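Student:
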Amino acid sequence: MPAFSLCGLEPGLLQPFSSYILPPVLHQVRAGEAQAYGVICGSHSCGAAAVRWQPDQGELLSLFIDPAVRRQGAAKALLEHIAAQGLAQGIPLLRADYVLDGEELTAMDGLFCHLGCQPQFRAPVFALDSARFHDDPLIGPCFTPGFVPPASIVPFLSLSEQERQALAGRAEIPDHLQWEACRHKAEPALCFAWVEKGEVAAYVLGGESADGGCLQLATVRTSQAPPSAVIWLLRTQINAFYYRCGGDFLFYSSTITPHSRQILERIAQGRYRLYEEHEALWPFPAGRLAPDAPAALR
Numbered sequence: 002m003p004a005f006s007l008c009g010l011e012p013g014l015l016q017p018f019s020s021y022i023l024p025p026v027l028h029q030v031r032a033g034e035a036q037a038y039g040v041i042c043g044s045h046s047c048g049a050a051a052v053r054w055q056p057d058q059g060e061l062l063s064l065f066i067d068p069a070v071r072r073q074g075a076a077k078a079l080l081e082h083i084a085a086q087g088l089a090q091g092i093p094l095l096r097a098d099y100v101l102d103g104e105e106l107t108a109m110d111g112l113f114c115h116l117g118c119q120p121q122f123r124a125p126v127f128a129l130d131s132a133r134f135h136d137d138p139l140i141g142p143c144f145t146p147g148f149v150p151p152a153s154i155v156p157f158l159s160l161s162e163q164e165r166q167a168l169a170g171r172a173e174i175p176d177h178l179q180w181e182a183c184r185h186k187a188e189p190a191l192c193f194a195w196v197e198k199g200e201v202a203a204y205v206l207g208g209e210s211a212d213g214g215c216l217q218l219a220t221v222r223t224s225q226a227p228p229s230a231v232i233w234l235l236r237t238q239i240n241a242f243y244y245r246c247g248g249d250f251l252f253y254s255s256t257i258t259p260h261s262r263q264i265l266e267r268i269a270q271g272r273y274r275l276y277e278e279h280e281a282l283w284p285f286p287a288g289r290l291a292p293d294a295p296a297a298l299r
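All residue numbers for the sequence shown refer to my numbering, where the first residue is 2 and numbers rise by one.
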């Protein structure tokens with residue numbers, strides 16, 4: 002088994018590790034909003050992770066190990082050093098949300114189980130190839146240059162602070178679908194709200210996936226929104242990403258509520274690959290971590 006060394010990645014050290022960090026997360030690291038850590042095998046970078054530290058927990062934003070050194074302990078070593086960093090700051094646990102399938106999902110679940118926590122299933126995630134939907138009567142219109150969303154749809158970040166605070170206080174919206182929970186992964190140009198009678202009645206939040214696709218982070222429809230609101234929000238989000246990337250892409254859509262799942266199944270008609278969103282909450286095991294974490298991680 003090879004020996005791995007780890008280091009904290011300040012902005013000037015990011016370049017050799019940048020291919021291992023999701024693009025939106027890399028931007029946050031460079032802006033000082035998250036901390037990245039790299040794995041080195043010999044003299045070569047071979048993986049990285051990024052964490053957003055909060056007073057009560059760390060949030061794992063990105064984790065990728067080079068396929069050439071997987072299953073050799075690099076990911077476990079990296080997370081244990083991140084735990085040591087958290088404990089040094091008085092932070093007790095790490096939260097990870099991830100969307101994967103097949104062997105990658107099994108491997109990530111196995112990693113957290115090996116660390117002593119049990120990942121939980123959160124929601125199914127549909128992966129749709131946008132190329133298959135140009136002629137679809139529900140989604141097809143959004144691939145045309147003349148597509149215009151209804152006046153009720155506005156960019157999410159154009160909402161006033163008061164409107165966003167009102168959303169944060171609504172008990173019907175789960176915490177993990179709130180803007181503050183998704184903002185670190187979100188691309189503002191892919192986030193839209195439906196405003197009905199002066200109130201935000203529905204919204205979608207989106208970001209970029211690791212493979213360059215569009216990752217839907219949240220779909221919320223309140224009782225004030227018309228049934229068509231989610232379809233129009235999806236069309237608007239897909240249109241924005243289609244012209245942003247200059248062509249077709251994979252669209253990862255979560256099915257958070259029964260209503261949104263029904264709409265998505267109607268659109269997809271079996272033309273999708275099914276992923277799963279899992280959540281892991283790992284309490285840092287202080288007694289099992291080496292107290293002398295490398296200085297670069299302190």
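Quick reminder that beta carbons are idealized off the backbone N, C-alpha and C, glycines included.
The model shown is predicted, which means the values in this text are computed figures rather than measured ones.
Express the C-alpha separation of Gly43 and Leu216 in angstroms, rounding to a whole number.
Tutor: Reading the sequence shown from its first residue, position 215 is the one you call residue 216. Reading the sequence shown from its first residue, position 42 is the one you call residue 43. Distance between the alpha carbons of Leu216 and Gly43 is about 35 Å.
Student: Buried or exposed for Cys114, please, with buried defined as at least 16 other CB atoms from any protein chain shown within 10 angstroms of its CB.
Tutor: Indexing the sequence shown from 1 puts residue 114 at position 113. Per the 10 Å Cβ criterion, exposed.
Student: By alpha-carbon positions, which one of Ala172, Gln90, Phe144, Leu275 ends up nearest to Arg245?
Tutor: Within the sequence shown, numbered from 1, the residue matching residue 245 stands at position 244. Selected option, being the one with the closest Cα: Phe144.
Student: If you follow the alpha helix (DSSP H) that Gly48 is in, where does it begin and where does it stop?
Tutor: The sequence position of residue 48 within the sequence shown is 47, counting from 1. Not the alpha helix (DSSP H): Gly48 falls in the beta strand (DSSP E), residues 45–54.
Student: Buried or exposed: Asp231, going by 16 or more other Cβ atoms within 10 Å of its Cβ?
Tutor: Here residue 231 refers to the residue found at position 230 when the sequence shown is read from its first residue. A quick correction: the sequence has Val, not Asp, at residue 231. Val231 should be labelled buried.
Student: Might you give, ordered along the chain, the residues of its own chain that have their beta carbon closer than 6 Å to the beta carbon of Leu206, omitting 5 neighbours on each side?
Tutor: The residue given as residue 206 occupies position 205 in the sequence shown. Excluding positions up to five away in sequence, the list reads Cys183, Ala187, Cys192, Leu218, Ala219.
Student: Does Ala124 come out as helix, strand or coil in the three-state DSSP assignment?
Tutor: Here residue 124 refers to the residue found at position 123 when the sequence shown is read from its first residue. The answer is strand: DSSP assigns Ala124 an E or B state.
Student: Please classify Asp110: does DSSP put it in a helix, a strand, or coil?
Tutor: Residue 110 sits at position 109 when you count from the first residue of the sequence shown. In this structure, Asp110 counts as helix in the three-state DSSP scheme.
Student: So, with DSSP's three-state summary, where would you put Ala287?
Tutor: As a first step, residue 287 is located in the sequence shown; it is residue number 286 there, counting from the start. It is helical.
Student: Consult DSSP for Asp249 and reduce its assignment to one of helix, strand or coil.
Tutor: Here residue 249 refers to the residue found at position 248 when the sequence shown is read from its first residue. Here Asp249 sits in coil by DSSP.
Student: With which residues is Ser255 paired in a DSSP beta bridge?
Tutor: As a first step, residue 255 is located in the sequence shown; it is residue number 254 there, counting from the start. Its beta-bridge partners are Val126.
Student: Does the distance from the C-beta atom of Ala75 to that of Cys118 stay below 8 Å?
Tutor: Looking up residue 75 in the sequence shown gives position 74. Looking up residue 118 in the sequence shown gives position 117. For Ala75 and Cys118, no; Cβs fall outside 8 Å.
Student: Name the one or two DSSP bridge partners that Pro156 has.
Tutor: Taking the sequence shown and counting its residues from 1, one reaches residue 156 at position 155. DSSP lists Phe193 as partners of Pro156.
Student: From the DSSP output, in three-state form, read off Glu181 for me.
Tutor: As a position in the sequence shown, residue 181 is number 180, starting the count at 1. Correct three-state label for Glu181: helix.
Student: Would you call the region 56–64 in contact with the region 93–103, where contact means no fewer than 3 C-beta pairs closer than 8 Å?
Tutor: Yes: at least three Cβ pairs fall under 8 Å.
Student: Does the beta-carbon of His45 have 16 or more other beta-carbons within 10 angstroms, so that it is buried, or is it exposed?
Tutor: Counted from its first residue, the sequence shown places residue 45 at position 44. That one is exposed.
Student: Just how far apart, CA to CA, sit Thr237 and Leu79?
Tutor: Position 236 of the sequence shown holds residue 237. Position 78 of the sequence shown holds residue 79. Roughly 39 Å separates the two Cα atoms.
Student: I need the straight-line Cα distance from Ser229 to Phe18, nearest angstrom please.
Tutor: Start at 1 with the first residue of the sequence shown, and residue 229 comes out as number 228. Start at 1 with the first residue of the sequence shown, and residue 18 comes out as number 17. The alpha-carbon atoms of Ser229 and Phe18 are separated by roughly 43 Å.
Student: Distance check for Trp233 and Gly170, CA to CA, integer angstroms please.
Tutor: Taking the sequence shown and counting its residues from 1, one reaches residue 170 at position 169. Taking the sequence shown and counting its residues from 1, one reaches residue 233 at position 232. Gly170 and Trp233: Cα-Cα distance of roughly 25 Å.
Student: Would you please state the rounded distance, in angstroms, between the beta carbons of Tyr243 and Val221? I believe it to be under 8 Å.
Tutor: Within the sequence shown, the letter at position 242 stands for residue 243. Within the sequence shown, the letter at position 220 stands for residue 221. Contact flag wrong, Cβ pair sits at about 22 Å.
Student: Looking at the secondary structure, which residues open and close the beta strand (DSSP E) in which Ala37 lies?
Tutor: Position 36 of the sequence shown holds residue 37. Unbroken beta strand (DSSP E) run through Ala37: 36–42.
Student: Taking 8 Å as the threshold (C-beta atoms), are Leu129 and Arg272 in contact?
Tutor: Residue mapping note: residue 272 aligns to position 271 of the sequence shown, counting from 1. Residue mapping note: residue 129 aligns to position 128 of the sequence shown, counting from 1. Closer than 8 Å, so yes.
Student: Return helix, strand or coil for Ser210, following the three-state DSSP convention.
Tutor: On the sequence shown, position 209 is the one that residue 210 refers to. It is coil, neither helix nor strand.
Student: Specify the secondary structure class of Glu278 as computed by DSSP and reduced to three states.
Tutor: Within the sequence shown, numbered from 1, the residue matching residue 278 stands at position 277. In this structure, Glu278 counts as strand in the three-state DSSP scheme.
Student: For the beta strand (DSSP E) that contains Leu23, what are its first and last residues?
Tutor: Walking along the sequence shown from the start, residue 23 turns up at place 22. Looking at the DSSP string, Leu23 is not in any beta strand (DSSP E), and its letter there is neither H nor E.
Student: With a threshold of 7 Å on Cβ separation, who are the neighbours of Ala241 within its own chain once the five nearest residues in sequence on each side are excluded?
Tutor: Walking along the sequence shown from the start, residue 241 turns up at place 240. Excluding residues within five positions, the ones whose Cβ falls inside 7 Å are Ala190, Leu191.
Student: CB Phe285 to CB Gly9, shorter than 8 Å?
Tutor: One-based indexing of the sequence shown puts residue 285 at position 284. One-based indexing of the sequence shown puts residue 9 at position 8. No, these two residues do not count as a Cβ contact at 8 Å.
Student: Tell me whether the beta-carbon of Ala84 lies closer than 8 Å to the beta-carbon of Ser63.
Tutor: Mapped onto the sequence shown, residue 84 falls at position 83. Mapped onto the sequence shown, residue 63 falls at position 62. No; because the gap between Cβ atoms is not below 8 Å, this pair is not in contact.
Student: CB Glu11 to CB Pro120, shorter than 8 Å?
Tutor: Start at 1 with the first residue of the sequence shown, and residue 11 comes out as number 10. Start at 1 with the first residue of the sequence shown, and residue 120 comes out as number 119. In this structure, Pro120 does not lie closer than 8 Å to Glu11 by Cβ.
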